[in-house]
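Following numbering that gives the first Met the number 0, the numbering of the sequence shown begins with 0 at its first residue and continues without gaps. Below is one structure, written out as structure tokens; comments come after it.
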Amino acid sequence: MLLEVNNLTVKYGEISALKGISLNVKEGELTTLIGANGAGKTTLLKTISGLLHPVSGNIIFNGKDITNTPTDAIVRLGISQCPEGRKVFPRQTIYENLKAGAFVRKDNEVEKDIENFFERFPRLKERRNQKSGSLSGGEQQMLVICRALMARPKLLLLDEPSMGLAPIVVSEVFDIIKELRDSGMTILLIEQNAKQALKIADTGYIIEVGNIVAGDTAAELLKSESVKKAYLGG
0 MLLEVNNLTV KYGEISALKG ISLNVKEGEL TTLIGANGAG KTTLLKTISG LLHPVSGNII
60 FNGKDITNTP TDAIVRLGIS QCPEGRKVFP RQTIYENLKA GAFVRKDNEV EKDIENFFER
120 FPRLKERRNQ KSGSLSGGEQ QMLVICRALM ARPKLLLLDE PSMGLAPIVV SEVFDIIKEL
180 RDSGMTILLI EQNAKQALKI ADTGYIIEVG NIVAGDTAAE LLKSESVKKA YLGG
């Protein structure tokens with residue numbers, strides 16, 4: 000198991016955002032966590048990334064307890080996050096954003112990786128010297144995913160990558176995520192678009208008001224009548 004979250008409780012003041020949740024992410028698989036706004040999805044990713052600290056429970060990554068480890072150290076261990084709302088560095092160029100994603104690396108293949116991403120995403124290549132704040136939402140999402148991958152992570156955390164995008168762009172973003180999964184990348188995907196997420200995931204969990212209420216293979220969750228009724232529009 001690459002990532003284990005064990006009985007994790009996280010509070011904002013007196014309010015419990017996560018209430019003793021547990022989940023696992025297997026190496027080489029795409030695991031999705033679905034739930035409504037305010038259910039605790041982003042809180043979980045921020046806690047895994049070290050941006051929030053739990054009051055109890057622990058997080059094991061690649062056999063190491065990373066609970067309360069500083070965020071930069073977590074990135075060095077192999078976890079990269081694409082934040083909700085894209086969060087490009089708007090005044091920096093596309094090239095500069097990608098270079099920033101490699102801040103933990105000491106090897107000499109950073110430029111090679113940047114060129115590989117430019118070949119994969121010609122729209123980014125055409126605008127490599129353009130300020131990233133001027134990009135469309137879909138282009139920004141591509142950039143943020145590439146920036147996270149510049150750290151060469153073992154685990155990629157994706158927080159609502161389809162949020163606020165046009166349907167045709169959503170489809171393109173999910174194609175990119177599926178391509179990453181097929182290449183062997185381990186992914187924890189947070190998504191409100193439950194049907195799309197479950198279609199490309201190996202495993203799924205459902206979170207409601209800080210509690211994990213279901214966990215199974217994505218195929219089984221897609222067939223579940225209660226899941227269909229609550230999350231899949233039918």
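Backbone N, C-alpha and C define an ideal beta-carbon position, used for all residues, glycine too.
- In the three-state reduction of the DSSP assignment, residue 140 falls in the helix class, which pools H, G and I.
- Taking C-beta atoms under 8 angstroms as the contact rule, residue 210 and residue 20 qualify, at a distance of about 7 angstroms.
- When the beta-carbon positions are compared, residue 203 and residue 164 stay at least 8 angstroms from each other.
- When the beta-carbon positions are compared, residue 117 and residue 124 come within less than 8 angstroms of each other.
- Taking all protein chains in view, the Cβ of residue 89 is surrounded by fewer than 16 other Cβ atoms within 10 Å, so the residue is classified as exposed.
- The Cβ neighbour count for residue 85, taken over all protein chains shown within 10 Å, is at least 16; the residue is labelled buried.
- Bounds of the alpha helix (DSSP H) holding residue 193 are 193-199.
- DSSP places residue 225 inside the alpha helix (DSSP H), whose first and last residues are 224-230.
- For residue 99, the enclosing alpha helix (DSSP H) starts and ends at 93-100.
- By the criterion of at least three beta-carbon pairs nearer than 8 angstroms, the stretch 162-179 is not in contact with the stretch 44-63.
- When DSSP reads this structure, residue 216 sits in a beta bridge with 202.
- Between residue 22 and residue 58, the C-beta gap is not smaller than 8 angstroms, which leaves the two residues out of contact.
- By DSSP's assignment, residue 24 forms a beta bridge with 2.
- Put simply, of 200, 187 and 198 the residue whose alpha carbon is nearest the alpha carbon of residue 80 is 187.
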